[in-house]
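Here's the structure we're looking at; comments come further down.
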Amino acid sequence: MLFIIIIITCIFSIKGFKNLTFFNKYKFQIQSINKGEKYRMWSSAFLHADYSHLFFNLFTLWVFSGAILMKLGGLYYLIIYLLSLYFGNIFTLKQHKNQILYSAVGASGAVTGIVYSSILLFPEMKLALIFFPIPLPSYVFGLCYILYSIYGMKKNTGNIGHSAHLG
Numbered sequence: 512m513l514f515i516i517i518i519i520t521c522i523f524s525i526k527g528f529k530n531l532t533f534f535n536k537y538k539f540q541i542q543s544i545n546k547g548e549k550y551r552m553w554s555s556a557f558l559h560a561d562y563s564h565l566f567f568n569l570f571t572l573w574v575f576s577g578a579i580l581m582k583l584g585g586l587y588y589l590i591i592y593l594l595s596l597y598f599g600n601i602f603t604l605k606q607h608k609n610q611i612l613y614s615a616v617g618a619s620g621a622v623t624g625i626v627y628s629s630i631l632l633f634p635e636m637k638l639a640l641i642f643f644p645i646p647l648p649s650y651v652f653g654l655c656y657i658l659y660s661i662y663g664m665k666k667n668t669g670n671i672g673h674s675a676h677l678g
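Okay, structure coming up:
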């Protein structure tokens, strides 16, 4: 299941890198979704802004997916991935409803759903970031990341889908 998601995401993203019309047709965009283009709620997760964004999302997905796949199996993994993607985008749609030009790409909601599922299944797992290499219990890391996402959403920091992380 994981490899299928990775392959589809790579193909879709690379096509988007090479074809701006394709990219613009499938990205998450408030105005277009409100006009009825609901497919963007799903398709935007398979597009990424550039190769580093694609790599980071897929690397994070790969790192956290194994434990869930082993514990729950492919069907539940896919359900978690798709529901996280959907609710991440629903929350983003509601959060930015008055910003009709708001647009986004990436699998932030889906990947975050996989990360938090892994944290819920293995709360004592140790996690660290490359730029903060001190291992923390996953539940502490998860709480810190929620607080960071709330801060980022309120301050509108970076080019990151903080609202999709929370959704």
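Under our numbering, the sequence shown has 676 at position 165, and the numbering climbs by one with no breaks. Ideal Cβ placement from N, Cα and C applies to all residues, glycine included. In this text the structure is predicted, and so the values were computed from the model without any measurement.
Nearest neighbour of T571 by Cα position, chosen from S619, L583, S543, turns out to be S619. Taking R551 as the centre and dropping the five residues before and after it, the same chain places the C-beta of Y537, K538, F539, Q540, S543, I544 closer than 7 Å to its C-beta, in chain order. Secondary structure note for A639: its beta strand (DSSP E) is the uninterrupted segment 637 to 640. Rounded to whole angstroms, the separation of the alpha carbons of A560 and V616 is 7 Å.
Proximity to G585 across L640, Y656, I516 peaks at I516, based on C-alpha coordinates.
Annotated as distal: G599 and A578, with beta-carbon spacing of 8 Å or more. Between the alpha carbons of F567 and T520 lies a gap of roughly 12 Å.
For the options Y597, L612, W573, the alpha carbon positioned closest to that of K546 is the one of L612.
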